[in-house]
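Number of protein chains: 2
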Amino acid sequence: MPEGTRRRGRPPRTESADTRARILAAAREEFSERGYEKTSVRGIGKAAGVDAALVHHYFGTKEQLFEAAIEVAFAPALQAPDAIGDGPLDDIGERLTRFIIGVWENPSTRKPVLAIVRSAVNNETAAAVFRRLIAAQVMRRVAARLERPDAELRVELAAAQLVGCAMLRYVIKVEPLASADPEELVARLAPVVQGHLTGP
Amino acid sequence: MPEGTRRRGRPPRTESADTRARILAAAREEFSERGYEKTSVRGIGKAAGVDAALVHHYFGTKEQLFEAAIEVAFAPALQAPDAIGDGPLDDIGERLTRFIIGVWENPSTRKPVLAIVRSAVNNETAAAVFRRLIAAQVMRRVAARLERPDAELRVELAAAQLVGCAMLRYVIKVEPLASADPEELVARLAPVVQGHLTGP
Chain A
1 MPEGTRRRGR PPRTESADTR ARILAAAREE FSERGYEKTS VRGIGKAAGV
51 DAALVHHYFG TKEQLFEAAI EVAFAPALQA PDAIGDGPLD DIGERLTRFI
101 IGVWENPSTR KPVLAIVRSA VNNETAAAVF RRLIAAQVMR RVAARLERPD
151 AELRVELAAA QLVGCAMLRY VIKVEPLASA DPEELVARLA PVVQGHLTGP
Chain B
1 MPEGTRRRGR PPRTESADTR ARILAAAREE FSERGYEKTS VRGIGKAAGV
51 DAALVHHYFG TKEQLFEAAI EVAFAPALQA PDAIGDGPLD DIGERLTRFI
101 IGVWENPSTR KPVLAIVRSA VNNETAAAVF RRLIAAQVMR RVAARLERPD
151 AELRVELAAA QLVGCAMLRY VIKVEPLASA DPEELVARLA PVVQGHLTGP
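If you read the protein sequences in the order shown, they are chains A and B. For the first sequence, the UniProt record's numbering gives the first residue as 1, with consecutive numbering after it. For the second sequence, the UniProt record's numbering gives the first residue as 1, with consecutive numbering after it.
Here is the structure:
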């Protein structure tokens with residue numbers, strides 16, 4: 001069998017990295033499509049062409065698999081705190097605002113983000129993953145940059161402005177917010193976010 | 001049968017106002033408990049002790065019943081825009097912030113609000129009800145008070161700050177926001193909300 005076509009079929013068991021990647025891709029797709037609650041490990045296994053036991057073998061529980069799937073989906077986002085935190089403090093509000101609006105405006109990132117938000121709103125386990133991953137990794141790293149005793153609360157209230165805007169604009173689709181120009185939103189929100197982060 | 005105990009049993013069909021109220025109470029409970037998607041008209045009828053056909057007779061579709069149930073649950077909240085809008089414009093931000101945090105801090109209103117948020121995040125029909133009811137009735141009435149061409153967008157961005165705070169504090173439960181003192185939140189958020197509504 002030529003190398004080029006072999007990959008399309010089910011790979012031999014020994015290709016464990018490949019199998020792992022396939023399970024993870026299936027998990028991302030299933031969780032994005034159905035949300036945490038309605039997704040089953042069995043369904044993910046089926047979509048990946050493997051037994052549910054093998055899914056558990058590689059990833060542990062459904063919660064751990066969800067966390068792994070989110071971590072892969074958000075690999076670029078999880079790098080972002082560096083990009084946001086590394087620049088000057090006096091426009092960190094604009095960088096954070098542009099980053100979050102950019103994630104939601106990009107159709108390829110909007111879908112997994114929406115799936116996480118939906119899952120976290122509906123399910124305590126998914127909310128816990130959200131807290132660990134987004135809160136701990138993203139928010140805490142921005143907070144570290146502020147060097148203030150109330151830095152974490154500041155970052156969370158700034159995040160609240162952006163999360164709420166995303167909810168009303170992209171999920172509930174309230175007008176005129178849903179049709180507003182992204183640049184106008186950056187112009188209106190960046191000073192608010194900046195105020196939360198570095199204001200008096 | 002004495003009047004006091006008769007009400008506990010299933011009332012005669014002729015007591016239509018009573019039946020209607022009972023269906024509405026069952027609908028509020030079921031929608032709060034399960035969210036829009038998982039609630040059925042049949043289940044609501046069963047909880048109210050009536051046939052599903054009678055539920056449809058009184059309230060129309062599941063969507064219409066959801067809207068009626070929300071309208072009842074939020075009757076106090078839907079009066080609020082008057083209370084918020086009637087005072088002086090220069091502390092409207094604090095009144096709106098106190099009102100929203102008050103709704104979430106009160107256990108009896110938190111549950112139905114949470115049910116609406118969950119339903120609206122998960123289901124387009126529920127999102128449409130949210131838009132009509134909350135957006136049209138609450139937001140537009142606050143916006144009318146501002147007398148500015150961009151009033152609606154201002155109100156929505158102010159609401160976004162409060163919605164996002166509620167999401168992270170009461171739903172996702174991110175710390176330290178989840179344990180912050182409500183008065184500290186009012187102190188930090190009211191100026192932001194005020195800025196959105198009446199700022200430059």
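Just so you know, even glycine gets a beta-carbon here, dropped at the ideal spot from N, CA and C. The structure presented is a predicted model; accordingly, all values stated were derived computationally and were not measured.
Other residues of its chain near residue i: CB distance less than 6 Å, five sequence neighbours each side excluded
i, result
"residue 119 (chain B)", "35, 36, 126"
"residue 59 (chain A)", "65, 68"
"residue 166 (chain A)", "104"
"residue 94 (chain B)", "190"
"residue 171 (chain A)", "none"
"residue 155 (chain B)", "139, 142, 143"
"residue 111 (chain B)", "32"
"residue 100 (chain B)", "162"
"residue 20 (chain A)", "58"
"residue 39 (chain A)", "30, 31"
Residues of its chain near residue i, where Cβ-Cβ distance is below 8 Å and the 5 sequence neighbours each way are ignored
i, result
"residue 51 (chain A)", "45"
"residue 47 (chain A)", "26, 29, 30"
Residue-chain proximity (residue i, chain A), Cβ-Cβ < 8 Å
i, result
"residue 233 (chain B)", "Because chain B here runs from 1 to 200, residue 233 (chain B) falls outside it and cannot be looked at."
"residue 173 (chain B)", "yes"
"residue 112 (chain B)", "no"
"residue 148 (chain B)", "no"
"residue 144 (chain B)", "no"
"residue 197 (chain B)", "no"
"residue 156 (chain B)", "yes"
"residue 176 (chain B)", "yes"
"residue 117 (chain B)", "yes"
"residue 180 (chain B)", "yes"
"residue 34 (chain B)", "no"
"residue 72 (chain B)", "no"
Residue-level contact to chain B via CB, residue i, 8 Å cutoff
i, result
"residue 131 (chain A)", "yes"
"residue 122 (chain A)", "yes"
"residue 138 (chain A)", "no"
"residue 102 (chain A)", "no"
"residue 141 (chain A)", "no"
"residue 164 (chain A)", "yes"
"residue 30 (chain A)", "no"
"residue 152 (chain A)", "yes"
"residue 52 (chain A)", "no"
"residue 96 (chain A)", "no"
Exposed unless 16 or more other CB atoms sit within 10 angstroms - verdict on residue i
i, result
"residue 89 (chain A)", "exposed"
"residue 183 (chain B)", "exposed"
"residue 158 (chain A)", "buried"
"residue 136 (chain A)", "exposed"
"residue 147 (chain A)", "exposed"
"residue 169 (chain A)", "buried"
"residue 4 (chain A)", "Bear in mind that a pLDDT of 44 at residue 4 (chain A), under 50, signals an unreliable position, so the number given afterwards is only what the model happens to contain. Its Cβ having fewer than 16 others within 10 Å, residue 4 (chain A) is exposed."
"residue 132 (chain A)", "exposed"
Same chain only: Cβ atoms within 7 Å of residue i, ignoring 5 sequence neighbours per side
i, result
"residue 43 (chain A)", "30"
"residue 98 (chain B)", "186"
"residue 72 (chain B)", "24, 28"
"residue 130 (chain B)", "116, 120"
**Report entry** Runs of alpha helix (DSSP H) wholly within the stretch 86 to 143 of chain A (minimum 4 residues, chain order)
**Finding:** 92 to 105, 107 to 122, 124 to 130
Requested in this report: Output the residue ranges of the alpha helix (DSSP H) runs that lie fully inside the UniProt domain "HTH tetR-type" (17 to 77) of chain A and measure 4 residues or longer, sorted by chain position.
Outcome: 41 to 48, 52 to 59, 62 to 73
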